[in-house]
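Participant: So the protein sequences, as listed, match chains A and B.
Last residue of the first sequence: 157 in the numbering used here, with the numbers rising by one and none dropped.
Last residue of the second sequence: 1157 in the numbering used here, with the numbers rising by one and none dropped.
Submitted below is the structure of interest, expressed as structure tokens.
There are 2 protein chains.
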Amino acid sequence: MSMDKSIGSASVRLSKKMTRIVNLYLRSYHLTTEQWVVLRALHEIDGITQKELSHRTDKDQATLTKILDLVEKRKAVIRVANPADRRSFLIKITEQGRALVEELTPYIEEIFIRMVAGIKPEKLEAYQEVLGLLESNIEQLLEQTDLERRNKSERNI
Amino acid sequence: MSMDKSIGSASVRLSKKMTRIVNLYLRSYHLTTEQWVVLRALHEIDGITQKELSHRTDKDQATLTKILDLVEKRKAVIRVANPADRRSFLIKITEQGRALVEELTPYIEEIFIRMVAGIKPEKLEAYQEVLGLLESNIEQLLEQTDLERRNKSERNI
DNA sequence: TAAATATAGTTAGTATACAAATTATATTTA
DNA sequence: TAAATATAATTTGTATACTAACTATATTTA
């Protein structure tokens, strides 16, 4: 079997299913997986720029703007002018948002306990290790692709 | 570290990056990863209903309709009336579509060879095994959630 | 120091995933 | 056998990911 299917499609399929199941469980809280990830990040480190938040959550600026609009609307976060840079905001989690994260954290961990049921800890560790290696390799490929694109641009001048 | 982050977010992040890099490489072919998956499936087994195709590619009907619209537009597939059921089509890959898959198959495999560079085969096998176990566990959770939802519906009657 | 260049966040557009609703058609029920 | 129910594909709507363009602001360059 090709790696395209056995690694590529299998990884993407698992990711979709993880998102699907977590979204189902979060539904009654009117929260999506991606919104949760943003709130969780702010609960850990609060009052950061959207740029920083986009790095921490691996979401692009455009998508993050939309997600923040939604969680701001439900009063889980607020955007505060950044005194150090008028182009940016500091994103702060509200007490309401904090309470939500604190309520949901054990609930979501319970979901994952079910997800990994029957899988040996060493296997899970191996899984995580390969996740990291693949991610690093891809990051390098992405950088190279960036370089190639930039080189192309320079040639056009 | 919570499994939510170490398993959940890490898996989703990897999946996004895989999709991102493959999309970059496919860009010059004016093809996206998801369109590729559909064409690949049809190259393997052709002339199947959209319903069957949606199972084989793990895509919901609504999304698949859109993707088929796009690949049909570029003449990579055609929809043919299904003589056995007037509600459905048989989706057939064209010669053009077939040629594209045959051209791209080694190219994409090359991408994955780069992605797994430096990772031992046993590690990759372990990764794949855990992928499968997690997916099975989630499928079971999804079924249970379905049952719960149906039970709720019945209670409302 | 003014001009050139870069950047933070937003908007607009395309693609995809998912849910709900719809219509024509098939299947099951009574 | 007619009515009730289910189903294939499509449409509509929301959320997310990604790209490109934009505007106000910051930084660098000459």
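Glycine included, C-beta positions come from ideal geometry on N, C-alpha and C.
Note that the structure is a prediction, hence the values are computed from the model and not measured.
1) Under 8 Å between C-beta atoms, does G1008 (chain B) make it to chain A?
2) Find out if the Cβ-Cβ distance for the pair H1108 (chain B), D146 (chain A) is shorter than 8 Å.
3) Considering just the uninterrupted stretch of the alpha helix (DSSP H) at A1010 (chain B), what are its terminal residues?
4) Use the C-beta contact count for Q35 (chain A): other C-beta atoms within 10 angstroms, 16 or more gives buried, fewer gives exposed.
5) Hey, T33 (chain A) and L26 (chain A) are a contact pair by Cβ (cut 8 Å); roughly how many whole angstroms apart?
6) Start and end of the alpha helix (DSSP H) containing L70 (chain A)?
7) Where do the N-terminal and C-terminal ends of the alpha helix (DSSP H) with R1040 (chain B) fall, by residue?
8) In chain A, which residues lie less than 8 Å from A1126 (chain B) when you measure between Cβ atoms?
9) Are the region 93 to 103 of chain A and the region 43 to 61 of chain A touching by the rule of at least three beta carbon pairs closer than 8 Å?
10) Would you list the residues sitting across from R1079 (chain B) in a DSSP beta bridge?
11) Do G8 (chain A) and F1112 (chain B) have their beta-carbon atoms positioned less than 8 Å apart in this structure?
12) Please determine, among B:E1072, B:L1014, B:S1011, B:Q1050, the residue with the shortest C-alpha to C-alpha distance to R1087 (chain B).
13) Closest to L39 (chain A) by C-alpha separation, out of A:L14, A:V22, A:L24, A:T57, would be which residue?
14) Check whether the Cβ atoms of T1105 (chain B) and V12 (chain A) lie closer than 8 Å to each other.
15) At a threshold of 7 Å, does T65 (chain A) count as lining the ligand ATP (C-beta to nearest heavy atom)?
16) Does I119 (chain A) come out as helix, strand or coil in the three-state DSSP assignment?
17) Evaluate contact between the region 1112 to 1131 of chain B and the region 122 to 129 of chain A, counting only Cβ atoms and requiring at least three cross-stretch pairs below 8 Å.
18) Under 8 Å, do L53 (chain A) and L70 (chain A) count as touching if we go by C-beta distance?
19) Which partner residues does I113 (chain A) have in the DSSP bridge list?
20) Helix, strand or coil for R1155 (chain B) per DSSP?
21) Expressed to the nearest angstrom, what Euclidean distance is found between the alpha-carbon atoms of L142 (chain A) and I1021 (chain B)?
22) Tell me T1049 (chain B)'s beta-bridge partners as DSSP assigns them.
23) Is there a C-beta anywhere in chain B that falls below 8 Å from the one on K17 (chain A)?
24) Just to make sure I have the definition right: I need the residues of chain A whose C-beta is within less than 7 Å of the C-beta of I1138 (chain B). Which are they?
25) Ignore the nearest five residues each way along the sequence and tell me which others in I157 (chain A)'s own chain have a CB closer than 8 Å to its CB.
26) Using a C-beta cutoff of 8 Å, does D1004 (chain B) count as contacting chain A?
27) Would you say R1155 (chain B) lies against chain A (beta-carbon separation less than 8 Å)?
Facilitator: Result, derived from the coordinates:
1) If you number the second sequence from 1, residue 1008 (chain B) lands on position 8. With respect to chain A, the C-beta atom of G1008 (chain B) has a partner C-beta closer than 8 Å.
2) Along the second sequence, read from residue 1 onward, the residue named residue 1108 (chain B) stands at position 108. Along the first sequence, read from residue 1 onward, the residue named residue 146 (chain A) stands at position 146. It should be noted that the sequence gives Ile, not His, for residue 1108 (chain B). With respect to the 8 Å criterion, I1108 (chain B) and D146 (chain A) are not classified as neighbours on the basis of their beta carbons.
3) For the purposes of this step, residue 1010 (chain B) is identified with residue 10 of the second sequence, where counting begins at 1. In this chain, the alpha helix (DSSP H) harbouring A1010 (chain B) covers 1010 to 1026.
4) The sequence position of residue 35 (chain A) within the first sequence is 35, counting from 1. Here Q35 (chain A) is buried: its Cβ has 16 or more other Cβ atoms, across all protein chains shown, within 10 Å.
5) Residue numbering aside, residue 33 (chain A) sits at position 33 when the first sequence is read from its first letter. Residue numbering aside, residue 26 (chain A) sits at position 26 when the first sequence is read from its first letter. Correct: roughly 7 Å between the Cβ atoms.
6) For the purposes of this step, residue 70 (chain A) is identified with residue 70 of the first sequence, where counting begins at 1. Annotation: the continuous alpha helix (DSSP H) that includes L70 (chain A) extends over 61 to 73.
7) Along the second sequence, read from residue 1 onward, the residue named residue 1040 (chain B) stands at position 40. R1040 (chain B): member of the alpha helix (DSSP H) spanning 1033 to 1044, first to last residue.
8) As a working note, residue 1126 (chain B) is residue 126 in the second sequence. Ordered by position in chain A, the residues that pass the 8 Å Cβ test against A1126 (chain B) are K123, A126, Y127, V130.
9) Three or more beta-carbon pairs drawn from the region 93 to 103 of chain A and the region 43 to 61 of chain A are found closer than 8 Å, and the two stretches are therefore classed as touching.
10) Here residue 1079 (chain B) is taken as the residue at index 79 of the second sequence, counted from 1. For R1079 (chain B), which the question treats as bridged, DSSP gives the partners B:I1091.
11) If you number the second sequence from 1, residue 1112 (chain B) lands on position 112. If you number the first sequence from 1, residue 8 (chain A) lands on position 8. Between F1112 (chain B) and G8 (chain A), the gap from beta carbon to beta carbon is short of 8 Å.
12) Numbered from 1 along the second sequence, position 87 holds the residue referred to as residue 1087 (chain B). Among B:E1072, B:L1014, B:S1011, B:Q1050, the Cα nearest to that of R1087 (chain B) is on B:Q1050.
13) Numbered from its first residue, the first sequence carries residue 39 (chain A) at position 39. Looking at the Cα atoms, A:T57 is the closest of the given residues.
14) Counting from one through the second sequence, the residue named residue 1105 (chain B) turns up at place 105. Counting from one through the first sequence, the residue named residue 12 (chain A) turns up at place 12. Their beta carbons are not under 8 Å apart, which means T1105 (chain B) does not touch V12 (chain A) by this criterion.
15) In terms of ligand content, the structure shown is empty, and the ligand ATP therefore cannot be addressed.
16) The count along the first sequence starts at 1 and reaches residue 119 (chain A) at position 119. Residue state for I119 (chain A) is assigned as coil, using DSSP reduced to three classes.
17) Taking a cut-off of 8 Å for Cβ pairs, the region 1112 to 1131 of chain B and the region 122 to 129 of chain A touch, as three or more such pairs fall below it.
18) The count along the first sequence starts at 1 and reaches residue 53 (chain A) at position 53. The count along the first sequence starts at 1 and reaches residue 70 (chain A) at position 70. The beta carbons of L53 (chain A) and L70 (chain A) sit no closer together than 8 Å.
19) Counting from one through the first sequence, the residue named residue 113 (chain A) turns up at place 113. According to the DSSP secondary-structure assignment, I113 (chain A) is paired through a beta bridge with no residue.
20) As a position in the second sequence, residue 1155 (chain B) is number 155, starting the count at 1. Confidence in R1155 (chain B) is poor, its pLDDT being 43 and thus under 50, which makes the residue's placement unreliable; the coordinate value appears in the next sentence. Looking at R1155 (chain B) - three-state DSSP - the assignment turns out to be helix.
21) Locating residue 142 (chain A) in the first sequence gives position 142, counting from the first residue. Locating residue 1021 (chain B) in the second sequence gives position 21, counting from the first residue. L142 (chain A) and I1021 (chain B) have their C-alpha atoms spaced approximately 6 Å apart.
22) Looking up residue 1049 (chain B) in the second sequence gives position 49. T1049 (chain B) is bridged to B:L1090.
23) What you label residue 17 (chain A) is simply residue 17 of the first sequence in a count that begins at 1. Interface criterion met: the Cβ of K17 (chain A) is under 8 Å from a Cβ in chain B.
24) On the second sequence, residue 1138 (chain B) is found 138 positions in, with the first residue counted as 1. The contacting residues are K17, M18, I21, M115.
25) To locate residue 157 (chain A), count along the first sequence from 1; it is residue 157. With a pLDDT of 30 at I157 (chain A), under the threshold of 50, the modelled position of this residue cannot be trusted; read the value that follows with caution. Here I157 (chain A) has no same chain residue with a Cβ atom under 8 Å from its own Cβ, once five neighbours each way along the sequence are excluded.
26) Within the second sequence, numbered from 1, the residue matching residue 1004 (chain B) stands at position 4. Interface with chain A (8 Å Cβ-Cβ cutoff): D1004 (chain B) is included.
27) Walking along the second sequence from the start, residue 1155 (chain B) turns up at place 155. Bear in mind that a pLDDT of 43 at R1155 (chain B), under 50, signals an unreliable position, so the model cannot answer this.
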